[in-house]
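Engineer: The structure's right below; bear with me while I get my questions together.
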Amino acid sequence: LLHGPSHPQRVRDCVCHCAALHKACEAEARFISVCSHELRTPLNAILSYSAFLAEDMEQPADKDGRHSTTSPSRRHSDDLLCLQAAAQSLHQIVENVLAFSTNPSQVRLEGLHTLRPVVDNIFAMARHQGAQRGDDACSCPDFVLDWTNPPGGTGLFLPMDRFRLVVLNLVMNARKFSAAGSRITVACSVVHDSARGANFLETSVSDEGPGVAETDARRVFTPFVRLANSTGVEGVGLGLSICQASVERSGGEIHLDDTYKDGARFVFTLPLAD
1 LLHGPSHPQR
11 VRDCVCHCAA
21 LHKACEAEAR
31 FISVCSHELR
41 TPLNAILSYS
51 AFLAEDMEQP
61 ADKDGRHSTT
71 SPSRRHSDDL
81 LCLQAAAQSL
91 HQIVENVLAF
101 STNPSQVRLE
111 GLHTLRPVVD
121 NIFAMARHQG
131 AQRGDDACSC
141 PDFVLDWTNP
151 PGGTGLFLPM
161 DRFRLVVLNL
171 VMNARKFSAA
181 GSRITVACSV
191 VHDSARGANF
201 LETSVSDEGP
211 GVAETDARRV
221 FTPFVRLANS
231 TGVEGVGLGL
241 SICQASVERS
251 GGEIHLDDTY
261 KDGARFVFTL
271 PLAD
């Protein structure tokens with residue numbers, strides 16, 4: 001390998017390859033480290049609140065059959081709310097990791113899916129997580145569905161797991177930057193790509209927050225990047241890069257709509273089966 005007239009060039013190639021491998025290993029190590037931390041937090045919450053519930057169930061009622069103000073009947077609803085929020089957070093992280101590691105050939109189009117129940121559930125999760133942070137109903141943004149074509153109840157053949165994952169990440173991201181009384185809108189329509197001779201579901205998620213600075217637009221999908229407007233906002237900068245990987249591995253495309261000036265709007269497409 002290192003003999004002959006092209007020896008210097010081969011050495012340079014080897015150095016470049018080694019540097020690239022080293023960079024990839026560092027990125028993988030950072031990803032694993034961040035994921036481990038993110039998984040540990042909701043898991044600890046699940047374990048803690050499960051223990052609280054178990055202890056409460058062991059407390060007997062008084063001689064008149066009444067429970068104290070800290071009895072299961074009074075505390076279970078709050079504890080279960082915390083437990084559900086932690087489980088949802090963990091589920092989202094696990095889905096993100098799986099999406100990042102899934103081979104494109106493993107993406108499946110299984111059965112007819114209706115979109116409205118899925119998006120309604122995502123909106124409910126966003127409200128639920130806001131309540132867990134102490135937000136009241138008045139401080140929560142409005143969530144809006146916009147079904148141009150087809151109606152929300154129409155059945156479609158598409159990779160629903162990817163649709164759910166991407167919309168969930170985009171809505172949760174928009175929720176972080178949305179003030180009380182503002183809108184987060186999910187709009188869906190079926191479009192035909194004449195160049196590829198195929199139909200796609202086009203979905204946009206828009207908010208009325210501060211938007212993305214022009215200097216940040218090019219790196220908005222870069223892993224672990226924290227944008228200028230994210231100071232004080234929780235997260236590690238993985239959500240949008242996971243959205244991009246999920247969409248592209250499904251045969252679709254995603255982009256930040258730079259023509260939208262009222263906040264931020266992300267648009268993505270997913271292939272539809274005939």
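Each residue of the sequence shown is one higher than the last, beginning at 1 in the UniProt record's numbering.
All C-beta atoms, glycine included, are put in the ideal place defined by N, C-alpha and C.
1. Considering only DSSP beta bridges, list what alanine 187 is partnered with.
2. Is it a yes or a no for the region 254-270 touching the region 206-222, going by three-plus beta-carbon pairs under 8 Å?
3. If you check the beta carbons only, do leucine 270 and leucine 201 fall under 8 Å apart?
4. Which term fits residue 275, buried or exposed, when burial requires 16 or more other beta carbons within 10 angstroms of its beta carbon?
5. For leucine 21 and isoleucine 46, which I take to be in contact (beta-carbon distance under 8 Å), what is that distance rounded to the nearest angstrom?
6. Count the CB pairs spanning the region 213-224 and the region 178-191 that are closer than 8 Å, and state whether there are at least three.
7. As a quick exercise: from Ala174, Pro223, Arg196, Val15, pick the residue whose alpha carbon is nearest that of arginine 30.
8. Could you check whether leucine 158 and histidine 113 sit closer than 8 Å to each other, using their CB atoms as the reference points?
9. Grab the span of the alpha helix (DSSP H) containing valine 171 for me, first residue to last.
10. Please report the straight-line C-alpha distance between valine 166 and proline 8, rounded to a whole angstrom.
Structural biologist: Let me spell this out:
1. Asp146, Ser204
2. yes
3. yes
4. Lying before the first or after the last residue shown, residue 275 is absent from the chain, which here runs from 1 to 274.
5. No, leucine 21 and isoleucine 46 are not in contact; Cβ-Cβ is about 37 Å, not under 8 Å.
6. no
7. Pro223
8. yes
9. 160-176
10. 46 Å
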